[in-house]
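Oh and the sequence shown: position 17 is 268 in this note's numbering, straight run, nothing missing.
These notes concern the structure reproduced below.
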Amino acid sequence: QVQLVESGGGLVQAGGSRRLSCKVSGMILSDFWIADMEWYRQAPGKQRELVAGLTSGPVTNYKDSVKGRFTISKDNAKRTVNLQMNSLKPEDTAVYYCHVRIRARTYWGQGTQVTVSS
């Protein structure tokens, strides 16, 4: 059974950095290589939104407001999907979720809270 577990959330001051990691277990390596990886976030009272995506191409895409500040990457050896977040702003405060799509199946992590103080 595929499971996703995020880590790295916490409290950070505006202008600071945070690195989120999503450990993917239960997926064979060849599937991990070709899976589409994404990070979403959901702020209180708002809909969940796509923040960054990474295909097997590899092709990356980012929400406009995080371009130049966030970087999505994956480590095939460790089977992790990472989100490096720099120059954080209070509006980046949200629960961040890892999302993986492979062979018409989708998987979500439980989320990790990131709070940016001004």
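A virtual CB, placed ideally from N, CA and C, is assigned to each residue, including glycine.
Rounded C-alpha distance that separates residue i from residue j
i      : j      : result
Arg354 : Thr363 : 26 Å
Ala286 : Leu262 : 30 Å
Val346 : Thr311 : 21 Å
Val253 : Trp359 : 9 Å
Val317 : Asp343 : 9 Å
Val365 : Ser276 : 23 Å
DSSP bridge partner residues for residue i (one or two, in chain order)
i      : result
Thr322 : Gln335
Val302 : According to DSSP, which records beta bridges pairwise, Val302 is partnered with nothing at all.
Gln293 : Val346
Assigned exposure category for residue i - 16 Cβ within 10 Å defines buried
i      : result
Trp290 : buried
Arg356 : exposed
Glu257 : buried
Ile323 : buried
Asn333 : buried
Beta carbon of residue i nearer than 8 Å to that of residue j
i      : j      : result
Val268 : Trp284 : For clarity, residue 268 is Ser in the given sequence; the question names Val instead. Cβ distance not < 8 Å, so Ser268 and Trp284 don't count as in contact.
Leu339 : Ala294 : no
Within the stretch 256 to 290, ranges of the alpha helix (DSSP H) (whole runs, at least 4 residues): 280 to 285
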